[in-house]
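Sequential numbering of the sequence shown, starting at 6, is according to my numbering. Ideal placement from N, C-alpha and C gives every residue a C-beta, glycine not left out. Since the structure is predicted, the reported quantities are computational estimates derived from the model, not experimental observations. As structure tokens, the structure follows; a few thoughts come after it.
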Amino acid sequence: MMPDPTPTLQQLLAFYLEAGVDCVLGDEPINRLDEPEPVPAAAAPRPVALNPLRPPPMPAVPRSEITIAPDAAIASAREAARTAPTLEALRGLMETFDGCALKHTATRLVFADGNPQARVMFVGEAPGRDEDIEGLPFVGRSGKLLDRMIAAIGLDRSKAYIANVIPWRPPGNRTPTPQETQVCLPFIQRHIELVNPDVLVTLGNPSTQALLGTREGIMRTRGKWIDYDTGTRTIRAVATFHPAYLLRSPSYKRLSWQDLRAIAKVLQAATA
């Protein structure tokens, strides 16, 4: 058998990027096969007398390991989201919220992009690597496809509003846990209420299930209009495929085009 060709540096970098490795931990490579140098034995520490009236000091805990009980985190998110009177206030509350561990592994909060006065709002699942770097949703490959999709029905980011259910990138672009989704859900629900669009479009299965309260897959839910209650108003909502899914399965672009045409028709009828 012929040996496999040695991969090029570009191919290796592409492999690591797909695996979620997007940063280095040191400037110099480490040969893990080298024999470690012997470490001199440290002198035994001298015993420290403890004051019986004062408890012993607690070991330092990294900020990223400080967790809040799930129920308390969800309740805290609901209370914080409920008190936000504006989008600016909501963003400020999310910046200081510590109930979601994803905040401590992400680079920054990815709040939203587009026109908050737009009549249509698109909501995806969570930011990826490019979004985490730029602080804006849908700016990578899937974002470029989304731009082309909405351009096909006469929209751009000045005429649409875009956000995610999860505002912080999960490490390695992993799927958010149900707990992480539930903690972030009050924020996106209040986000939608403050934007108050005429049409809500959920992109992909996770955002559809989280916001529209369905357990069915995207194949069954896409293209079906559902009433979404913001708490102050009922608006029309519809699910369609996430652009990242269409990049992997381009044969479904035809169905996505049908959904986009239906969205354009509803928007046009609302202004007639």
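Residue i - containing alpha helix (DSSP H), residue span
{"i": "Y250", "result": "P248 to R253"}
{"i": "K270", "result": "K258 to T276"}
Beta-ladder partner(s) of residue i, from DSSP
{"i": "G129", "result": "N169"}
{"i": "Y233", "result": "I240"}
{"i": "V204", "result": "V125 and R241"}
{"i": "G119", "result": "Y166"}
{"i": "R227", "result": "A244"}
Where the beta strand (DSSP E) through residue i begins and ends
{"i": "R241", "result": "T239 to T245"}
Exposure of residue i, with buried meaning 16 or more beta-carbon neighbours within 10 Å
{"i": "Q214", "result": "buried"}
{"i": "M99", "result": "buried"}
{"i": "D232", "result": "exposed"}
{"i": "A74", "result": "exposed"}
{"i": "P255", "result": "exposed"}
{"i": "R137", "result": "The question names Arg, but residue 137 in the sequence shown is Asp. By the neighbour-count rule (16 or more Cβ atoms within 10 Å), D137 is buried."}
{"i": "T180", "result": "exposed"}
Own chain, CB closer than 6 Å to residue i, minus 5 neighbours either side, in chain order
{"i": "E70", "result": "Bear in mind that the predicted position of E70 carries a pLDDT of just 46, short of 50, making it too unreliable to give a figure here."}
{"i": "L141", "result": "D118"}
{"i": "R96", "result": "F116"}
For residue j and residue i, the rounded distance between their alpha carbons
{"i": "Q184", "j": "I193", "result": "15 Å"}
{"i": "A274", "j": "G177", "result": "42 Å"}
{"i": "T88", "j": "G236", "result": "14 Å"}
{"i": "C105", "j": "P90", "result": "22 Å"}
{"i": "R259", "j": "R174", "result": "29 Å"}
{"i": "P12", "j": "G129", "result": "35 Å"}
{"i": "I240", "j": "D203", "result": "6 Å"}
{"i": "W262", "j": "R124", "result": "19 Å"}
Contacts around residue i, its chain only, beta-carbon distance under 8 Å, and the 5 residues preceding and following it disregarded
{"i": "I151", "result": "As written in the sequence, residue 151 is Leu, which differs from the Ile given in the question. Answer for L151: F127, F143, I167, L208 and P248, listed in chain order."}
{"i": "L114", "result": "R96, M99, E100, K108, G140, P172 and W173"}
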